[in-house]
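Quick note, the sequence shown lines up with residues 203 to 480 if you use the numbering used here. What follows is a set of notes on a single structure, which appears directly below.
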Amino acid sequence: MKRVILFMSLILLFVSFETVNANTSNSMDLIPEMTSNTSPSGIASASSIWSKQHQPFNVFNEKSDYGWSTKQGITVGWVAYEFDNPVVVNKYTISSRSKHIDSKKEAPKDWVFEGWDGNQWIVLDTQQDITEWGVGSKKEFSFSNSNEYIKYRINITKNNGHAGFTTIGKMSMMFDEPEPEPEPEPEPEPEPEPPSEEAGDRAILTVTMITDLEKEFDLSMEEVDAFINWYEGRHRGTGTATFSINNHGNNKGPFTSRKDYIIFDKVLTFKVNEYKIK
């Protein structure tokens, strides 16, 4: 009975290693399940291999057991896949090997993910200090890309400490349709303010006396406002009985100034005609 419990515990432990750091995704792998470096389609290649059991197509065969490994004594290198036709890739996953206890040290730590444009490799994604690999654990990486490339690769420059080689258990490449950006809600247009009547710069103040005599004065609006304030104040019983109006340019003769004095109780009515100075 104890052996059965121990066996089940080991199975659960292995399963937990298989799923650590795994990110679920609805994206489909663009690479078919490879059975060789050229079958069923496309071409899998690598900078070097450790043995015949560690071919580059192993990372694309949906298994993470043997995977791909660099040559003994080499810890840097790349593994690539060439499509039959150019495709857009903006996401990829990497799984460490599930067949070896040293998967944590063998797994890549620093790398770039690149696309081949026919003349040169274009860096699409850069990763550094990627640690915490478990046996068969999976990590997912997304980046912005809208260009089609016929060939993609992961180019590893450092692993997590293994001195003999670098390995990858499984790899997939995908395209995630970017979510459309929500259209901003249109701001409500402000209600137009009613046009205000333009205030004139000056005005003709016409005062009609109780004798039907009319007096016209060409005044600034400040002077007109002063007259109206005096008249309304006097009507309420405050202020002086008279209001002086300067004749300004109408000052004829040798006088230093000419002023007309309006007596409140002699005023019958008055009107103001504003105008602007051009």
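Glycine residues also receive a C-beta, built at the ideal position from the N, C-alpha and C atoms.
{"Check": "Exposed or buried, which one is GLY414 when buried takes at least 16 other CB atoms within 10 Å?", "Outcome": "Checking the sequence shown, residue 414 turns out to be Asp, not Gly. ASP414 is exposed by the Cβ-count criterion."}
{"Check": "Please state whether the Cβ-Cβ distance between PHE472 and VAL409 is less than 7 Å.", "Outcome": "yes"}
{"Check": "Where does the unbroken alpha helix (DSSP H) through PHE196 begin, and where does it stop?", "Outcome": "Within the shown structure, residues of the chain are numbered from 203 to 480, placing residue 196 beyond reach of any answer."}
{"Check": "Apply the 10 Å Cβ neighbour rule to THR333 and answer buried if 16 or more other Cβ atoms are within range, or exposed otherwise.", "Outcome": "exposed"}
{"Check": "My assumption, with CB atoms under 8 Å, is that MET373 sits in contact with LEU232. Please give the rounded CB distance.", "Outcome": "In fact, because the Cβ distance is near 11 Å, the residues do not count as touching under 8 Å."}
{"Check": "Can you pull the DSSP bridge partners for ASN448?", "Outcome": "LYS461"}
{"Check": "Give the single residue among GLY371, THR458, ASP462 whose Cα lies nearest to the Cα of SER446.", "Outcome": "ASP462"}
{"Check": "Check SER247 in the structure and name its three-state DSSP category.", "Outcome": "strand"}
{"Check": "Taking just the CA atoms, how far does GLN274 sit from ASN347?", "Outcome": "35 Å"}
{"Check": "Using only the alpha-carbon positions, how far apart do ILE412 and LEU470 sit?", "Outcome": "5 Å"}
{"Check": "Excluding the 5 residues flanking PHE285 on each side, which residues of the same chain have their C-beta closer than 6 Å to its C-beta?", "Outcome": "GLY244, ILE352"}
{"Check": "Does DSSP put PHE259 in a helix, in a strand, or in coil?", "Outcome": "helix"}
{"Check": "Rounded to whole angstroms, what's the CA-CA distance from GLU424 to PRO394? Just pull it up for me.", "Outcome": "30 Å"}
{"Check": "Taking C-beta to C-beta, are ASN263 and MET236 nearer than 7 Å?", "Outcome": "yes"}
{"Check": "Under three-state DSSP, which class holds PHE367?", "Outcome": "strand"}
{"Check": "Does the Cβ of GLY275 lie closer than 6 Å to at least one heavy atom of the ligand ADP?", "Outcome": "Here there are no bound small molecules, and the ligand ADP is not part of this structure."}
{"Check": "Would ASN475 pass as a contact of ALA405 if the rule is Cβ separation under 7 Å?", "Outcome": "yes"}
{"Check": "So LYS341 is in the beta strand (DSSP E); what residue range does that whole segment cover?", "Outcome": "340-344"}
{"Check": "Once the 5 residues before and after THR272 are set aside, which same chain residues still bring their CB inside 6 Å of it?", "Outcome": "SER250, GLY279, PHE367, THR368"}
{"Check": "Give the straight-line distance between the Cα atoms of ASN225 and LYS340, rounded to the nearest whole angstrom.", "Outcome": "Note that ASN225 scores 40 on pLDDT, short of 50, meaning its location in the model is unreliable; the coordinates nonetheless yield the value given after this. Approximately 7 Å between the Cα atoms of the pair."}
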